[in-house]
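Just so you know, the sequence shown maps onto residues 3 to 294 in my numbering. See structure below.
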Amino acid sequence: MIEFVDISLGDGPQVQCGRCAGSPERAAFRSGAEVVEEAGAACKGWSRGTGPNIRLTGAEPFTHQELPRIVAGVMEAGCRRLAIDTDAVALRSAQNAHGALSAGVRHIRVTFLAGTEGVHDALAGMPGIFDSTREGVAAYRATADAAQLPVSITVAVPVCRHNLRDLPSAVGAAVEAGADRVEMSVTDGGIDLAAAVPWIVAACDTGVVNGVWVEVGGVPFCMLAGYDMHLADAVRGRDGSKPPVCTLCPLDGVCGGAPVGASADQLALLAPPPFAAKLAPQIARARAQEVC
Ligand code: SF4
């Protein structure tokens, strides 16, 4: 697993569930100099193994007027792998795709809220965005292939109460779009985790049968028995909510618990699983290897 340090370009409209996030905000970008300075400090202090690796997140990068200067500055600061979070709409232009690749952007992450344009567009509140994103991803991949440049495409699938039934098809769409991996992440504290698990399992299976790894964030080990190696907690820490009983669980030190803001009813579902004592040292070893 390649680790990236996230550096925000600022706040602004993003592809996210409008029912959870409300109306999109107006873009408020940080200055290019500020972003480059933070990225430079992250490169200088890198201690996570192979890197330094920076991912530009936050507001859509291709609408930041200083993007070329930022990308150049981050690469000059010693960044080894540069990733961007994008809706990929700008990458439909061969010129933009070529420019991004030439500048060193070899990793992109796009967001799918569902597997069909109808559901994705409706949740995002952006008509036509699903097709545009897929076109942009395809153009980026085609431009990279033509230039014989290896690239990595990640599809993020945020999991909320509004898209549970679409998780398997979202992974299927990611496979079709040529994704190398899928990051599925539960961030909705109000979600019914027990109801979500079968859909998350089906989404993992969809990825596995199609040769694309699905990583799951925001779900504790005791809720996803048998799929522990899919859990992001297996390789890195995260913030979450836990009931007091977690202090008795051998996985306590490596498990983030339920998503932040989980209700008392959700926390009551969590209990040390029978496999915890056996799994805990395996996870600790996996974590140690990740930072080597
Ligand atoms: S009981 Fe707590 S620490 Fe143990 S796996 Fe469940 S959420 Fe994680």
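Every residue, glycine too, gets a C-beta built ideally from N, C-alpha and C.
Residue i Cβ short of 7 Å to the ligand SF4 heavy atom set
| i | result |
| --- | --- |
| G263 | no |
| P276 | no |
| D254 | yes |
| L195 | no |
| G259 | yes |
| K280 | no |
| F223 | yes |
| A2 | Given that the chain is displayed from residue 3 to residue 294, the structure contains no residue 2 and the question cannot be resolved. |
| V91 | no |
For residue j and residue i, believed in contact at Cβ under 8 Å, the rounded distance
| i | j | result |
| --- | --- | --- |
| G180 | R143 | 5 Å |
| G259 | C248 | 6 Å |
| F277 | A196 | That pair is no contact at about 18 Å. |
| G75 | P54 | Not confirmed; about 14 Å, so no contact. |
| V91 | T135 | 7 Å |
| I155 | D182 | 6 Å |
| V153 | H100 | V153 to H100, Cβ: 12 Å. No contact. |
| R28 | G14 | 7 Å |
| P245 | A270 | 7 Å |
Assigned exposure category for residue i - 16 Cβ within 10 Å defines buried
| i | result |
| --- | --- |
| R287 | exposed |
| G24 | exposed |
| P275 | buried |
| D147 | exposed |
| T113 | buried |
| E185 | buried |
| D8 | exposed |
| A35 | exposed |
| A290 | exposed |
| P63 | buried |
| R167 | exposed |
| A30 | exposed |
Rounded separation between residue i and residue j - CA only
| i | j | result |
| --- | --- | --- |
| V157 | E178 | 11 Å |
| L151 | V107 | 11 Å |
| V237 | T189 | 18 Å |
| M77 | C251 | 43 Å |
| A96 | A140 | 11 Å |
| S243 | S187 | 15 Å |
| G12 | K280 | 43 Å |
| Q16 | E68 | 19 Å |
| G130 | T65 | 18 Å |
| G138 | R94 | 4 Å |
| R57 | F6 | 6 Å |
| C294 | G51 | Caution is warranted here: a pLDDT of 44 is assigned to C294, below 50, making its placement in the model unreliable, and no coordinate value can be reported. |
| C206 | V199 | 10 Å |
| P222 | R21 | 25 Å |
| V214 | G47 | 32 Å |
| A264 | L169 | 20 Å |
| P261 | P160 | 12 Å |
| I285 | V210 | 21 Å |
| G219 | M225 | 12 Å |
| A126 | C45 | 34 Å |
Closer than 7 Å: residue i CB and nearest the ligand GTP heavy atom
| i | result |
| --- | --- |
| K46 | The model on display carries the ligand SF4 but not the ligand GTP. |
At which residue ranges does the segment 15-100 contain complete beta strand (DSSP E) runs of 3 or more residues, listed in the order of the chain? 55-59, 83-87
Please go through the segment 151-176 and give each complete beta strand (DSSP E) segment of 3 or more residues, from N-terminal end onward. 154-161
Tell me the start and end of each unbroken beta strand (DSSP E) in the segment 197-274 that is at least 3 residues and wholly inside, in chain order. 215-219
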